[in-house]
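Shown next, in C-alpha cells, is the structure this report addresses.
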Amino acid sequence: MFTAILDGIFNGLSVGSVLLLAALGLAIVFGLMGVINMAHGELMMLGAYTTFLVQNAFKLLGEPWTNFYIFFAVIMAFIVAALMGLVLERGVIRYLYGRPLETLLATWGVSLILQQFVRSVNWVMIAGLIVFCLLYFGGLWAVKKRPDFERIRHWAITVLLTLSAAIAWAVGSVLSQTYKLAVTKPWFGAQNVDVTAPKWLLGGLPIGNYQLPYTRMFIMVLTVLCVLAIYWFLNKTPWGLRIRSVTQNRNMSACLGIPTQKVDALTFALGSGLAGIAGCAVSLLGSVGPNTGQNYIVNTFMVVVVGGVGKLVGTIVGAMAIGITDYIIGTGILANLFTSIQPLADFFTFFATTSMAKVMVFLLIVIFLQFRPAGLFPQKGRTVDA
Amino acid sequence: MAVDIAVERTRIDGSKRRSLMVEAGIVLAVALFLILIVPLLLSDFRLNLMGRFLALAIVALGIDLIWGFTGLLSLGHGVFFTLGGYALAMHLKLQIPPTASSQLPEFMSLYGVTELPWFWQPFYSFPFTALAVLFLPGILAGLLGYVIFRNRIRGVYFSILTQAATIIFFNFFNGQQKLFNGTNGLTDFRTLFGLEVNAPGTKYGFYVVTILTLVVAYALCRWLTSGRFGRLLMAIRDDESRVRFTGYDPTGFKVLVFAISGALAGIAGALFTLQTGIISPNSMNIAFSIEMVIWVAIGGRATLIGAILGALVVNFAKSLLSERFPDIWLFFQGGLFLLVVMFLPDGIIGWLRQNGKNWFRQITGSRQIATYPSLEEDPEVEYERKNIGD
C-alpha cells in the first residue's frame, strides 16, 4: 500500500520532470512575449535528432568516448535548438508581436516544415539551402548598399528570391544527377531512430520490489540543473533582470532603455535551447521520430496553463502536479485504494489506462481553471488587456 | 422632415433589399451550376472529392463565425466534426438486414460484445440521429464554451484548451474498441433509408444534399453576421472589454456562437462521412483541426465567401499536390501558414476587396482619381450626412 503510493509519486515525479523540462522554455517565452510556440515540440525533436547524430559521431571515436557522448549531446542539442529558435524569432515571430493567434498559426506552419524537413533532409537539400541562403542574403546585402534601396526594394527582393531559388534548384538537380543515391538518400527517413543510453545509464536503482531506471534519474538531475541554471540566470544576471522587467512591463522597460528586441531574441533562443535539452532527455526514453514533438506539446501547454506565467515556481508545480496525477490515475493505483467502495473503484478502473488518464487530467484541469482561471501563479498587477 | 427621413429609410431598405436579392440570385446560380453542370465536367472520382470539400466548406463557415467574426481561435473543431460523423455512422451501422446472423454491428462481435450498448439504441431512429448530428456537437461546444468563457479565459488560452480537448476526445475514441471500434473507426456502410450507399444515384444524391446544406448554412451565417448580432460579434473581437463596459455580457454570445459553429461542424462531419464512407478518430487529430483554420485564413477572415473558397482551393491543391509529390505537401502547407499570416493577413477575398480594384485599374490602364469612393457610394453615409451631418 505504502510502497504503491511511493512508487506512484516517484514515477510521477519522473514523468513530471520530462514535462517540466519541456515546458520550462515554453513558459518563459509565453510569459515574456505572450507567444505560444507551436513549434516547441519540433525544437525538442531537433534536440533529439542532434543527440542521435552526436551519438553516432562519438561511436566513430571509439571506446572511452562513447560513454560520455551524452554530456556533449546535451550541449549540442541546446545550441542547435537555440540557433533554430533564433532564426525563427528573427525571421518570423518578430513581425507578429501583438498578434498571438497569428503567431500560433505561423509557428504551426514552421512545425510542419520542420517535421517534413527531418523526414526528407539529404545532402542535396542541404546544398540547395546553403546556396540559396548565400545568394539571397548576399545579394540583399549588396543591394542594400545602394542609396535608392528603399525605392527598388520590392523589385530587388522579387528578383533575388526567384533567381537564388532557381539557381539553388539547379545546383540541387545537377548534384542529384551526378552523384545519384549517395546524395539523394534521406539522412533519417520517415522511420524512427534509436538513441541508446551510455552503459553507465543502463539498469536501475532498486527500491523495494521496484527498479528506478538510471535514465529517469539522469533526467531528473538534468531537470533540476536546468531549473537552477534558469533561476540563477533570471535572478542574478543583468540580462535576466532585463528579461524579468520586460515580462512585467514592456513599454516601461523600453522607455528606460532596455533593448526589448534583443531581449526578445535572447529569450526565444533560450527557450528553444531548453526545448533542445528536453529533446535530448526524451531521446533516452524511447525511439525518436519526426512526430516525437507532437506527443509532448499538448501536455506542455497544459503545464503552462495550470502553472500561470507569473513565476517559475508555477511551471514547476504545474508540471509535477500533472505528471503525478497522470501516473497515479493511469496505473490504477487509485482503483486499488478504493476496492472497498465498489462504485468508486469501478470509476477509477475505467480511467486506469494511459489514454483515459489523460481524459481525467483534462477534466481536472478544466475544473481547476474554474477556480483559478489564470493558473496557479498569475501575473501580478494591472495586466494589459490584449 | 420626419417624412423625409422615412422616405430615406425606405430608400436605404430598398437598396439593401436589392443587393440582397442579387446575392441570393448569385448563390442560387452557383448552387444550380454545382448541381447540374459540374457533374458533367468532372469524373466520378473528382465529383466525390468536390462533394467532400463542399462538406468541409461548411466547417469552414463555422470556423469563420467563431474566428473571423468573434476572434476566438478554436483548434478543436475536429472534435465536433467527428462527433457529427460518428452520430450518423452509428445510424448507418445499425442498418442491419433482418436476415443477418447477428443483429450487432460486426466489429462488436469481434470484441465479444453480446448486447448493444444503451447509447447505441436511440440511433435506430433517423430523426433522432439527425437531431444528434446537430445537437450533440452543438451542446458539447456550448458546454465547453461555457466553462471556458465564464471565467473570461480567452485568446491563446482558449486555443490551447480546445486543442487539448481534441487530444482528449481522440484518446477516448481511440481507446474504446468495444464501443466505437477504436482506431479503425466505423466504416463499411451499406444502406440508408433502404438505398444502397455506394450506388451512383445515391452518391449524387449525397452531393446534392451537401450543396443544399451548404446554401442553408451560408444563409444562416449571412443572417447571423449581418444584423445586430453580427456587429456585436465583431465588437467582441475588436475590444471585448469595451463591449462589457457598454452593458453587454459577452459570455452568452460567445457560448452561443461557439455552439452554432460546433453544430455546423457536426453537420459537415456527417455529410463528409456519407461521402468518404468512413469515420475514424483520425479526423480528430490536432493537424486536421488547425488545417481547417488555414482554409479560412487563406480565403479571408470575416468573409463568408472566403471561407468556402478557401476550403475548396486548399483541399483541391492538397489532393492534386499530394497525388503527384507526396513529400512536398507538408512543406507547401507549412509555407501556406507562414505566407498567409505574414503577407496576406486578410486572405484572398480581403486582398481583392482592398487592392483588387486598384490592381485591376492599373492593368487596364484606366486611372481614376477618387478619394473615398466607398464613402461616396454608401447610402447609409449619405443618409447620415444629409440628416445629421450639418
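In the order they appear, the protein sequences are chains L and H. Using the numbering used here, you'd call the opening residue of the first sequence number 1 and step up by one each time. Using the numbering used here, you'd call the opening residue of the second sequence number 1001 and step up by one each time. Cβ atoms here follow ideal geometry from the backbone N, Cα and C, with glycine treated the same way. Here the structure is a predicted model, which means the values were calculated and not measured.
For residue j and residue i, believed in contact at Cβ under 8 angstroms, the rounded distance
i: H:V1268; j: H:A1087; result: A quick correction: the sequence has Ala, not Val, at residue 1268 of chain H. The Cβ separation is near 12 angstroms, so there is no contact.
i: L:A357; j: L:G330; result: 3 angstroms
i: L:V121; j: L:N192; result: L:V121 to L:N192, Cβ: 15 angstroms. No contact.
i: L:G172; j: L:G128; result: 4 angstroms
i: L:L96; j: L:T103; result: 5 angstroms
i: L:S14; j: L:M220; result: 6 angstroms
Endpoints, alpha helix (DSSP H) assigned at residue i
i: L:P64; result: 63-66
i: H:Q1177; result: 1177-1180
i: L:T158; result: 149-179
i: L:L88; result: 69-91
i: L:R250; result: 250-255
i: H:F1253; result: 1250-1276
i: L:S355; result: 354-371
i: H:R1237; result: 1228-1238
i: L:Q342; result: 342-350
i: L:W108; result: 100-120
i: L:V309; result: Note, L:V309: premise wrong, no alpha helix (DSSP H); not H, not E.
i: H:S1289; result: 1286-1299
Which residues DSSP lists as bridging residue i, in chain order
i: L:P206; result: L:Q211
i: L:V288; result: L:V193
i: H:E1196; result: H:T1191
i: H:L1186; result: H:I1279
Close beta carbons around residue i, own chain, < 7 angstroms, minus the five adjacent residues each side
i: H:P1122; result: F1128
i: L:I9; result: I324
i: L:L6; result: none
i: H:L1020; result: none
i: L:A77; result: G47, T50, T51, G276, I277, G279, C280
i: H:L1116; result: L1104
i: H:I1328; result: L1321
i: L:W187; result: V121, N122
i: H:T1162; result: S1074, L1075, G1076
Short Cβ contact (8 angstroms threshold) for residue i with residue j
i: L:V263; j: L:I243; result: yes
i: H:A1265; j: H:F1080; result: yes
i: H:A1060; j: H:M1292; result: yes
i: L:L364; j: L:G308; result: no
i: H:Y1218; j: H:V1027; result: yes
i: L:G16; j: L:A319; result: yes
i: H:V1340; j: H:I1294; result: yes
i: L:L274; j: L:G25; result: yes
i: H:S1289; j: H:L1075; result: yes
i: L:M44; j: L:A22; result: yes
i: H:I1160; j: L:V224; result: no
i: L:L369; j: H:N1151; result: yes
i: L:V282; j: L:V18; result: yes
i: L:G240; j: H:G1334; result: no
i: H:I1278; j: H:G1306; result: no
i: H:A1029; j: H:I1308; result: no
i: L:F132; j: L:S164; result: yes
i: H:L1083; j: H:L1136; result: yes
i: H:A1165; j: H:A1259; result: no
i: H:F1233; j: H:V1257; result: In the sequence on display, residue 1233 of chain H carries Leu and not Phe. Cβ distance < 8 angstroms, so H:L1233 and H:V1257 count as in contact.
i: L:L175; j: L:Y136; result: no
i: L:F268; j: L:E42; result: no
i: H:F1391; j: L:L105; result: The first residue shown for chain H is 1001 and the last is 1390, placing residue 1391 of chain H beyond what the model contains.
Cut-off 8 angstroms between Cβ atoms - residues of its own chain near residue i, not counting five sequence neighbours on either side
i: H:N1184; result: F1107, S1280
i: L:N67; result: P198, K199, W200
i: H:R1244; result: P1250
i: L:V361; result: M302, I322, T325, D326, I329
i: H:L1304; result: L1061, D1064, Y1218, C1221, R1222, T1225
Cβ neighbours of residue i in the same chain (closer than 6 angstroms, five flanking residues each side left out)
i: L:V384; result: With a pLDDT of 48 at L:V384, under the threshold of 50, the modelled position of that residue is not reliable, and the figure given next carries that caveat. Excluding residues within five positions, none has a Cβ falling inside 6 angstroms.
i: L:F58; result: W65, T66, Y69
i: L:A386; result: Note that L:A386 has pLDDT 44, beneath the 50 cutoff, so the model's placement of it is unreliable and no number is given.
i: L:Q211; result: G204
i: H:M1001; result: Its pLDDT being 49, under 50, H:M1001 is placed unreliably in this model, and the value from its coordinates should be taken loosely. There are no such residues.
i: H:A1024; result: none
i: H:K1178; result: Y1111, V1113
The ligand COA heavy atom lying under 7 angstroms from the CB of residue i
i: H:S1283; result: The ligand COA is absent from the structure shown, which contains no ligand whatsoever.
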